[in-house]
């Protein structure tokens, strides 16, 4: 078996999948079979007559992707590749033993929480739930009747899902909607803020747990969870995840990239760092093909810059 055999096999497997209104993001080989013998991780160099592959496919809704491509095209940017966020987060934050033994990466974004199970060195299941950090902000704004901008500030500076003995005594400013310029702000105990945040985080991880159990991937997901994304920085997120999921949880940060500024070394930048890993590493997957909108030649970087300035100023 040689590299050419693997490339032809992956191309045939990818081409045999009916996508309809979906676009394939990744077609990742998670195991090969040689002459009916399963569990072969890398068949190159082996002898056999029949080569098979088991693949993990990640897809996205075609209209959503095309809208994204169009918007970026109008900004004179082109997409080279599409990458699922939990996959990118895993590439940046996981160590080899975790991907081999089984681990779940949970990327906590603003509008969604996506997750991917890695096992035997590759992602084997990916899904998402429609709950994220923005929902926590909205809950705070509604519960305290405060503007969204101030709710985001309260979440960032004082947010926690863990109650403490001092919460009742610690008072927080929560100006009421439409009354920001009038007199002194409304004040609420921190315990009230905690009582809003904790249930939403519990719901998020409970939804993830249910999806994992229904998928059949729970048995190979191992006993470790890695949290990434901006919402994972909430105080108590790790503890709530461990309690709901019943696993050991750590907060993931970008690994394997030197020279990063301290401000970009936190969990909020894990997915972006994973894009760098994806760009330079060859994992042998069948890459996605992105249909780009036709654009007129712009004469290189200077031409694109001039076009952007003309359209925006």
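Residue numbers (this note's numbering): 3 to 315.
Quick reminder that beta carbons are idealized off the backbone N, C-alpha and C, glycines included.
Since this is a predicted model, take the numbers as computed values, not measurements.
- Rounded to the nearest whole angstrom, the CA to CA distance from residue 140 to residue 259 is 35 Å.
- Sequence-distant Cβ neighbours of residue 127 in its own chain, meaning closer than 6 Å and more than five residues away, are 119, 217 and 219.
- Check the Cα spacing between residue 56 and each of 64, 63, 62 and 38: the tightest is with 38.
- Rounded to whole angstroms, the Cβ separation of residue 275 and residue 256 is 4 Å, and the two are in contact under 8 Å.
- Rounded to whole angstroms, the gap between the alpha carbons of residue 122 and residue 265 is 32 Å.
- Selection 203, 49 and 272 evaluated against residue 232 yields 272 as nearest (Cα-Cα).
- For the set 15, 241 and 210, the Cα lying nearest the Cα of residue 114 is the one of 210.
- Taking a C-beta distance under 8 Å as the contact criterion, residue 21 and residue 53 do not qualify as a contact pair.
- Between residue 236 and residue 163, the C-beta gap is smaller than 8 Å, which places the two residues in contact.
- Per the coordinates, the alpha-carbon of residue 94 lies some 21 Å from the alpha-carbon of residue 244.
- Per the coordinates, the alpha-carbon of residue 66 lies some 12 Å from the alpha-carbon of residue 84.
- Closest in alpha carbon position to residue 145, among 261, 195 and 46, is 195.
- Scanning 107, 142 and 239 for the CA closest to the CA of residue 225 turns up 107.
- Sequence-distant Cβ neighbours of residue 160 in its own chain, meaning closer than 7 Å and more than five residues away, are 174, 192 and 195.
- The beta carbon of residue 206 is closer than 6 Å to those of 115 and 133 in its chain, skipping five residues each way along the sequence.
- Under the three-state reduction of DSSP, residue 10 is assigned to helix.
- The beta carbon of residue 48 lies closer than 6 Å to those of 3 and 36 in the same chain, with the five residues before and after it left out.
- In the DSSP assignment, residue 115 forms a beta bridge with 110 and 131.
- Closest in alpha carbon position to residue 64, among 25, 6 and 72, is 25.
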